[in-house]
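Numbering (this note's numbering), first residue to last: 130 to 213.
Every residue, glycine too, gets a C-beta built ideally from N, C-alpha and C.
Given the structure is predicted, the values throughout are model-derived calculations rather than measurements.
Down below is the structure, laid out as structure tokens.
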């Protein structure tokens, strides 16, 4: 990742936040995580460990009547059903 990638992450987060939407990234290589920390971009982003954690975070605020859609999305994210 270089400065262009950092800029794109920040702009994406800002644009989605302006629209009232959530934005997160899934942890990657140690070099990228270190760069995000050193540049303090990590302070601006929600960083999660897995796709499952991302879906759980995104759907955490959904009203109860949308539980079926949440569960379907979680199954799609992890079709084998391995929750950890």
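Item, Value
"How big is the Cα-Cα spacing for residue 149 and residue 209?", "32 angstroms"
"Which one or two residues does DSSP pair with residue 154 in a beta bridge?", "176"
"With a 10 Å radius around its C-beta and 16 neighbouring C-beta atoms as the bar for buried, classify residue 165 as buried or exposed.", "buried"
"Between which two residues does the alpha helix (DSSP H) carrying residue 141 extend?", "132 to 147"
"Would you grab the beta carbon distance between residue 139 and residue 170 for me? Rounded to a whole angstrom, and I think it's under 8 angstroms.", "6 angstroms"
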